[in-house]
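J.: Once you've had a glance at the structure underneath, I'll fire off some questions.
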Amino acid sequence: MAAYIIRRVVWTVPVVLLVIFMTFTLMKQIEGNPFRKTERAVPAAVQANLERKFNLNKPWYVQYAQYVKGVATGDLGPSLVLRDRTVNDIVEEQFPRSIELGLLAFGWAVLLGVPAGVLAAMRPNSRFDYGSMLFSNVGFALPNFLVATLLIYFVSVKWGMLPTSGWTTWQHKILPSFTLGLVPMAYFARLVRGTMLETLQQDYVRTAKAKGLRRRRVLTVHVLRNSLIPVVTAAAPLLGYIITGSFIVENIFAVPGIGRYYVTAVSARDYSVVMGLTVLLSIIVIAANLVVDILYGILDPRTREART
Amino acid sequence: MRLRFPMLIAAAVVVAVALVAAGCGSGDKKGAAGDGGAKSQVLKMAWGAEPPSLDPGLATDTTSSNVLLNIMDPLVRLGDDLQPVAALAESWDVDGKVVTFHLRDDGRWTNGDPVTAQDFEYSWKRTLDPKLAADYAYQLYGIVGAEAYNNAKPAQAAKLRDKVAVKALDDRTLRVTLTSAQPWFVQQMAHHSFLAVHKPTVEKHGTKWTEPRNIVTNGAFKLAGWKHDASITLVKNADWRNADDVALDRVEGRIIVDGTTRVQAFEAGEVDALDGGGLPPADMARLKQMPEYEKYPALGTYYYGFNLKNIPDVNQRRAMAFAIDRQSIIDNVAQADQIPATGMVPQGMPGFDVIKQDFLPTSADLDKAKEFMAKAEDPKRKITLFHNDAPGHKEVAVAVQAMWKDIGIDVTIKAQEWAQYLEVLGPPPSDAVYVYRLGWIGDYVDPMNFLELWTSKSGNNNTRFASPAYDRLIAQARDTADDHDRYELYRQAEAMLTGPQGEMPISPIYWYTYTNLERESVKDTFNINLLDQFDLSKVVIKEV
Amino acid sequence: MSATQIAGRVAGVDAGAPIRQSSLWQDAWRRYLRNRGAVAAGILFLLIVVWCIVVPIVSPHDPNRIEFPDAYQGPSWSHPFGTDQFGRDLFTRAALGGRISIGIGFGATLAILLIGVAYGAISGFVGGKLDNALMRFLDALYGLPYLPFAILALAIIGTVNFWTMVVALSVASWFITARVVRGQIMTLKENDYVRAAYAVGVRWYMILGRHLLPNTLGVLVITIFLELPGVILGEAFLSFLGLGINPPDASWGSMAQDGRDAYRAHPHIIIIPSLAIATLVLCANFIADGLRDALDPRTKET
Amino acid sequence: MGRLLEVEDLRTHFFTRAGVVRAVDGVDFSVEKGKTLGIVGESGCGKSVTALSIMRLLPTPPARIVSGSIRFDGRELTTLSERELEDVRGREVAMVFQDPMTALNPTLTIGTQIIEVLRRHLGLDDRTARRRAAELLDEVGIPRARERLDDYPHQFSGGMRQRVVIAIAIACEPRLLIADEPTTALDVTVQAQVLDLLDDLRREHEMAMILITHNMGVVAESADDVAVMYAGQIVEQAPAHELFRRPEHPYTEALLAALPDLDDNGARSRRLAAIPGRPPDLIDPPQACRFAARCPYAGCGDSCALEPPALRELRPDHRVRTAHPASEREAVTA
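Chains as they are written, first to last, in the working numbering: chain U, 21 to 328; chain B, 2 to 545; chain E, 562 to 863; chain F, 67 to 400.
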């Protein structure tokens, strides 16, 4: 297992370098002047000064080397558009909010999605089962901009129960995290129901019952534990869902996170921010994959030997 | 066990609902309203963007500009008639190309230091410093030596710096020498690029000097908090020279970028005023019915430009300009009570009555349009129309597309995101472009700002329109101090663009307005001027 | 008798050999038909596709004609979905939007399959060090959100049209497919009939083309419907972020974007395209489930 | 000698969309204390369903015990609540399943899986339970028992896993052990060992056992009494020696005929020889004798093709359900 982990970790290095290089190359292909933000033409002198300031006048390989060096030392460079701040500043201040949003969304998903799946599986074809699966299917299919719009209209504007937008008190956080959590919630409900139904039919569950174990122990120790393994494996791809979902959710709910910055930064040609965020997102996903794989190994002993 | 899971969930739901109910019970839903007696002077407002920089040298956008103009004291503000009004400068002398400002003696930085003429000299030269690489350095190019210094190679920078003709004669006297008469220079002082910064603070904190914990300002409000992308909190500066006249104690600003989200926050009572950053056009019909709706004239022109290489025949351009139903676009698409634009220089600009041309119709004149089209030699019937993908432009383009269909022109609309779009427009514009849309919002109050765009060397002339006669007119106007004479020159220039004999390189569509939502308690005192600036020191929250 | 034919004979007597393809598919079809939800979803899906194809042809309304007096009408007999801000008939425009959304959806899904199959097949078939390298790479990228890369891709291409959208949506979405295909090929490679084919000297490309790839077809059909919802929602997200295709064309996503700003006064403009997206995604999910049950003999109906 | 388990007229049906499957349709038998009852039959004849009915482990729905009674030591099991049953299972009646590869939870150590049953029924503390678990493993013949407690099921071979399953089953010294085809999934070489182990343990712990199998050879070796099942019913029931000496039912005869030589060890691995025809569909079983379609003696002018024969006692303790028992047949065919 240890050897496997080390090998996986070692493999992430070239992949991260490749991601940086790909992003860097891609960014260089994008036309557009990060310093021209309005209709106003930028005088040549100003343009030259700006390019000098941000090292854009250097050859690409020098820029790449500088960038890789920066990433290695944890310096993602200055923002070309937000002049008072570096990419590190932006990440440090706004990324935690996105993470909080993501975790809360994940929390909804686990809190509501998993029990819904468990209950549905315990009473297959019951009304609850049909209801929760209908909800899950619909939740999965509805685009989150519609969900967000409807929630804001009814809950906030019409009934005045929660704030429409922002990210200060816990009341502010309910709607955005719920909206973002809907897809993982639906996904978990379906996944858990499926795996749980499968697990319930396993011989070892019958063995456990034949031992006379209490129903609670059979369900928690023998059924749930084994049913949740696929849920853990699904967590990494869901992270991707949550990150991309946050692009829209953060915008609609005015959450000062990092997701909506991405879109803005691409269109503003804020190269350093785009690269910083892309590299960061990639590293996070890569790390999450690693963690999930390791967790999987811990949860399912069968995979341990196979991987060492 | 059978019951535990459902019960757990039921319990969770009950708790959640209870919390929510409790939360909205205690929440201050209606903002500042609700406390009896004297109105608390706390304004809750929504800013339309995160300020990219609160450094006067680096700021380029409306939001930064508005925050800055409320926390910093400019030399001059603009009055209602757009004439300069004394602010930090109590008076000024204009002697040909030399302008001298006399500063008040009670200007104070928030750390207690007096605001001096040296501060301005330092700040302006800092903005021109090639190492700072300020985007708006060119705002100062009217000063002798400014452009040369901004262009300087590192080696010569120090030498050229001293040649910039801005000089603090003493603590309270600032003398500026201009490259030409520039009658609008004093008004330009109301622009944030001409604000002073506090030298010790800037030098001590570097790029971080604008953070609330570091910043030293000299205006009516202090920057008490700036949570990036989330909120900006201003508090009254009790030591300000005119603090007694400032009613507001605090301005709690939230940054809300999305237009619909901003409107929702307003309607839910979370904010009392928006920053005039534009309401969603698609919702305008409804918003206009609200008592909180407010509109202001703006100095701005929304226009379609023609690429003269692709549409060389002036009659086709005239035909196209005549086929556009400006009023219908305003009524049905833009919907913000804009004014149909019949020229480049917008209504409200000093001298407008002299300059304006009454050639283009406000509604479509299809007969005339077809007449012109018939006169056109080899008219282009398959053309492209480029616009950037910001909200609202698509709708106008779609409407114009339909209107031009009526004179037999097939339009392909191409939307591009902003940065890409500007690349395509040049100048010179890409050959793929036949027609493009742009807008121009004035930086300062003179028609020059709108008409110099169309000189042949202008970086904003994306039409390939190049007329030596036009260039000469503009150069002449730049040196004409007398308003009346200058306006006449502008009239001739405007005629060369949109007059009956004009080349019609552009078809103006409408002159902008600013639209806003303001709670009735502040509606009277919260006002946006022609340059999209609002002065929070004038705002009073009233009982309604 | 050619080597392939011999291999076929050998395969025929082997217990591990696949049942004749036609009967496999017939069985699957029969199993699929027994799944009522999947059948209903399939029919609804077809109806939507037919609506998208037929309505614009037969509609009395020009989808791009502007009639401001008719703007923002609610649903009625002549405009079942109402009209938009230009007075254009939304029933027709939604159908046109569906053509684009579904077209982009299938286009991008096919592109994902092509890349995924190529990558997965090479990795699984060649095996060894190459497979190891390719898979470690995939392991690391697994779950990488495709939307950032789609946005980058769109910015690079510059203009947005049907094909650039397809490219953008497929450029970083093929990781899972590649993994699935590779796994399938690896399993199939171990089958005795493949070994037998090798033993009698069948060329590798014949083995790949005749024995391996056709047997991944079932998985690929499922994958189409598994990927489709994600791609359609992805297109809607991009359009909603203002990165959609050019007017007067519109996808469901960009129609919904138009509708959001106007939702307070005219909710139908956002709701109709959103529901269209949701219905399509729902159908695709049900179809995918049905296909999986039908094509994967391991999952039995209860 | 008392009767430990009495099953009377047990009917277990499966209610499916296709119809009601009468998997067990009127089964009577009893098990004496300390004795082994072998239940033999082809797959699908209802023998496993009978075992699971006793344990009440069938998934309901679709399965349901529609009538009959199961008395264990005088206590009616069919009416017990789930909670009361939990006290019976594993403590009084334990079960060994067919496939040791799937019967153990792959994510828990075998130690955990043994200890949990000890703690559940005997209330042992962790340390005592662990010691006892090691003893149990030792008892079922797993070497280095103490160390192997922390291993996971996948680290054991099939035979070893079945020993673990058996250890779990006998952990609380149940009075009845139901072994449902305990050797079917195992390698030929270990089948005998596992059977011997079961027999030894039964004797040592004075348990009664129900041994379910499709293999006559297995029954011959270990059972005291034998019940032969066919299509959800018992068709013949007798003490083992009696049954093997004088089989009466044509089906039993066929089963025995397929068994070449009882003393041949290889016989245990032999599957039932094919009998022409198939068992009837249990959704709509024939009104008549369920074996009629395959019975070489049916249709000889008697009633068995029209009405079902009853289970009758031909000799003391030897009951058979056929119109043509061997002992009455000579006359007819002769």
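Ideal Cβ placement from N, Cα and C applies to all residues, glycine included.
Measure from the alpha carbon of Asp136 of chain B to the alpha carbon of each residue in U:Thr58, U:Gly137, U:Thr284 and U:Arg117, then state which is nearest.
T.: Counting from one through the second sequence, the residue named residue 136 of chain B turns up at place 135. Residue U:Thr58 is the option with its Cα nearest to Asp136 of chain B.
J.: Taking 7 Å as the CB-CB cut-off, is Asn246 of chain U touching chain F?
T.: Start at 1 with the first residue of the first sequence, and residue 246 of chain U comes out as number 226. Closer than 7 Å to some Cβ of chain F, the Cβ of Asn246 of chain U qualifies, so yes.
J.: Which residues does DSSP pair with Val77 of chain B in a beta bridge?
T.: For the purposes of this step, residue 77 of chain B is taken as residue 76 along the second sequence, with counting starting at 1. DSSP output for Val77 of chain B lists B:Ala87 as bridge partner(s).
J.: Work out the CA separation of Trp735 of chain E and Glu239 of chain F for me, nearest whole Å.
T.: Against the fourth sequence, residue 239 of chain F aligns to sequence position 173. Against the third sequence, residue 735 of chain E aligns to sequence position 174. Glu239 of chain F and Trp735 of chain E: Cα-Cα distance of roughly 57 Å.
J.: Mind listing the chain U neighbours of Glu372 of chain B? Cutoff is C-beta to C-beta under 8 Å, in chain order.
T.: Numbered from 1 along the second sequence, position 371 holds the residue referred to as residue 372 of chain B. In chain order: nothing, as chain U lies at least about 33 Å away.
J.: State the start and end residues of the unbroken beta strand (DSSP E) segment that holds Met46 of chain B.
T.: Within the second sequence, the letter at position 45 stands for residue 46 of chain B. Residues Val43 to Trp48.
J.: Ordered along the chain, which non-local residues of its own chain (more than five positions away) have a Cβ less than 7 Å from that of Asn271 of chain U?
T.: Here the question's residue 271 of chain U lines up with position 251 in the first sequence. The answer, listed in chain order, is Arg280.
J.: Just by C-beta distance, which residues in the stretch 212-224 of chain U are closer than 9 Å to chain F?
T.: Residues Leu220, Gln221, Gln222, Asp223 and Tyr224.
J.: Any idea what DSSP makes of Glu372 of chain B, helix, strand or coil?
T.: Translated into positions along the second sequence, residue 372 of chain B becomes position 371. Helix at Glu372 of chain B.
J.: Measuring only the C-alpha atoms, how far is Gly603 of chain E from Asp854 of chain E?
T.: Here residue 603 of chain E refers to the residue found at position 42 when the third sequence is read from its first residue. Here residue 854 of chain E refers to the residue found at position 293 when the third sequence is read from its first residue. Those two C-alpha atoms are separated by around 14 Å.
J.: State the Cα-Cα distance for the pair Tyr282 of chain U and Phe267 of chain U, rounded to the nearest angstrom.
T.: Taking the first sequence and counting its residues from 1, one reaches residue 282 of chain U at position 262. Taking the first sequence and counting its residues from 1, one reaches residue 267 of chain U at position 247. So the alpha carbons of these two residues sit roughly 8 Å apart.
J.: Cα-Cα, which of U:Asp149, U:Thr298 and U:Val305 is closest to Ile40 of chain U?
T.: As a position in the first sequence, residue 40 of chain U is number 20, starting the count at 1. Closest option to Ile40 of chain U, Cα to Cα, is U:Thr298.
J.: What in chain E is Cβ-close to Thr240 of chain U, meaning under 9 Å?
T.: Locating residue 240 of chain U in the first sequence gives position 220, counting from the first residue. Those within 9 Å of Thr240 of chain U in chain E number zero; the least Cβ separation is about 24 Å.
J.: Between the beta-carbon of Ile325 of chain B and the beta-carbon of Lys381 of chain B, is there less than 7 Å?
T.: Mapped onto the second sequence, residue 325 of chain B falls at position 324. Mapped onto the second sequence, residue 381 of chain B falls at position 380. Cβ atoms of Ile325 of chain B and Lys381 of chain B: not closer than 7 Å.
J.: Could you compute how far the alpha carbon of His315 of chain F sits from the alpha carbon of Ile136 of chain F?
T.: The count along the fourth sequence starts at 1 and reaches residue 315 of chain F at position 249. The count along the fourth sequence starts at 1 and reaches residue 136 of chain F at position 70. So the two alpha carbons sit approximately 26 Å from each other.
J.: From U:Leu123, U:Gly133 and U:Ala206, pick the residue whose C-alpha is nearest to that of Ser156 of chain U; which is it?
T.: Within the first sequence, the letter at position 136 stands for residue 156 of chain U. Looking at the Cα atoms, U:Ala206 is the closest of the given residues.
J.: Given that Met161 of chain F touches chain U, what residues does it touch there, using C-beta distances under 7 Å?
T.: The sequence position of residue 161 of chain F within the fourth sequence is 95, counting from 1. Within 7 Å Cβ-Cβ: Ala230.
J.: Assuming the contact rule is C-beta atoms closer than 8 Å, Gly677 of chain E and Ala739 of chain E should be a hit. Round their C-beta distance to whole Å, please.
T.: Translated into the one-based positions of the third sequence, residue 677 of chain E becomes position 116. Translated into the one-based positions of the third sequence, residue 739 of chain E becomes position 178. Right, their Cβ atoms sit about 4 Å apart.
J.: Of all Cβ atoms in chain E, is any one closer than 7 Å to the Cβ of Asn165 of chain U?
T.: Numbered from its first residue, the first sequence carries residue 165 of chain U at position 145. It should be noted that the sequence gives Phe, not Asn, for residue 165 of chain U. Closer than 7 Å to some Cβ of chain E, the Cβ of Phe165 of chain U qualifies, so yes.
J.: Give the DSSP bridge partners of Gln299 of chain F, in chain order.
T.: Locating residue 299 of chain F in the fourth sequence gives position 233, where the first residue counts as 1. Partner(s): F:Tyr296.
J.: Is the beta carbon of Thr388 of chain F sitting closer than 7 Å to the one on Pro374 of chain F?
T.: By 1-based counting over the fourth sequence, the position of residue 388 of chain F is 322. By 1-based counting over the fourth sequence, the position of residue 374 of chain F is 308. No, they are not a contact pair.
J.: Going by other Cβ atoms of all chains shown within 10 Å of its Cβ, with 16 needed for buried, is Ala169 of chain F buried or exposed?
T.: As a position in the fourth sequence, residue 169 of chain F is number 103, starting the count at 1. Buried is the call here.
J.: Any beta carbon from chain E within less than 7 Å of Gly35 of chain B's own beta carbon?
T.: Here residue 35 of chain B refers to the residue found at position 34 of the second sequence. Here the model assigns Gly35 of chain B a pLDDT of 40, short of 50, so the residue's position is not dependable, and the following value carries that caveat. For Gly35 of chain B, the answer is no, since every Cβ of chain E falls outside 7 Å of its Cβ.
J.: Helix, strand or coil for Thr188 of chain U per DSSP?
T.: Your numbering for residue 188 of chain U matches position 168 in the first sequence. Looking at Thr188 of chain U - three-state DSSP - the assignment turns out to be coil, as it is neither helix nor strand.
J.: What residue range is occupied by the uninterrupted alpha helix (DSSP H) comprising Ile712 of chain E?
T.: Within the third sequence, residue 712 of chain E is the residue found at index 151, counting from 1. Where Ile712 of chain E is concerned, the enclosing alpha helix (DSSP H) stretches over Tyr707 to Ile718.
J.: Could you name the residues that DSSP lists as bridge partners for Asp276 of chain B?
T.: As a position in the second sequence, residue 276 of chain B is number 275, starting the count at 1. Answer is none; Asp276 of chain B lacks a bridge partner.
J.: Could you tell me whether the Cβ of Gly814 of chain E comes closer than 7 Å to any Cβ of chain B?
T.: Residue numbering aside, residue 814 of chain E sits at position 253 when the third sequence is read from its first letter. No, no contact with chain B.
J.: Would you mind stating whether Gly156 of chain F and Arg77 of chain F have Cβ atoms separated by less than 7 Å?
T.: By 1-based counting over the fourth sequence, the position of residue 156 of chain F is 90. By 1-based counting over the fourth sequence, the position of residue 77 of chain F is 11. Taking 7 Å as the Cβ cut-off, Gly156 of chain F and Arg77 of chain F do not qualify as a contacting pair.
J.: So if I threshold CB-CB distances at 7 Å, which residues from the stretch 838-850 of chain E count as touching chain U?
T.: From the stretch 838-850 of chain E, only Ile838, Ala839, Val842, Leu843 and Asn846 have a Cβ closer than 7 Å to chain U.
J.: In whole angstroms, what is the alpha-carbon distance linking Trp405 of chain B and Ile806 of chain E?
T.: Along the second sequence, one-based indexing puts residue 405 of chain B at 404. Along the third sequence, one-based indexing puts residue 806 of chain E at 245. Roughly 22 Å between the two C-alpha positions.
J.: Using a beta-carbon distance cut-off of less than 9 Å, what residues from the stretch 173-184 of chain F approach chain U?
T.: Answer set for the stretch 173-184 of chain F: Thr173, Leu174, Thr175, Thr178, Gln179, Glu182 and Val183.
J.: Kindly list, in the order they appear in chain F, the residues whose Cβ is closer than 7 Å to that of Pro250 of chain U.
T.: Here residue 250 of chain U corresponds to residue number 230 of the first sequence, with the count starting at 1. Neighbours of Pro250 of chain U on chain F: none; closest Cβ ~12 Å, over 7 Å.
J.: Give me the Cα-Cα distance between Pro428 of chain B and Glu521 of chain B, rounded to the nearest whole angstrom.
T.: Here residue 428 of chain B corresponds to residue number 427 of the second sequence, with the count starting at 1. Here residue 521 of chain B corresponds to residue number 520 of the second sequence, with the count starting at 1. C-alpha separation (whole angstroms): 46 Å.
J.: Using a Cβ-Cβ cutoff of less than 7 Å, which residues in the same chain neighbour Leu309 of chain B once the five nearest sequence positions on both sides are dropped?
T.: Taking the second sequence and counting its residues from 1, one reaches residue 309 of chain B at position 308. The answer, listed in chain order, is Thr464, Arg465, Phe466 and Pro506.
J.: Return the residues of the stretch 629-648 of chain E that lie within a Cβ-Cβ distance of less than 9 Å from chain U, sorted by chain order.
T.: Per Cβ criterion, the list is empty.
J.: Between Ala392 of chain F and chain U, is any beta-carbon pair separated by less than 7 Å?
T.: Within the fourth sequence, numbered from 1, the residue matching residue 392 of chain F stands at position 326. So, not an interface residue.
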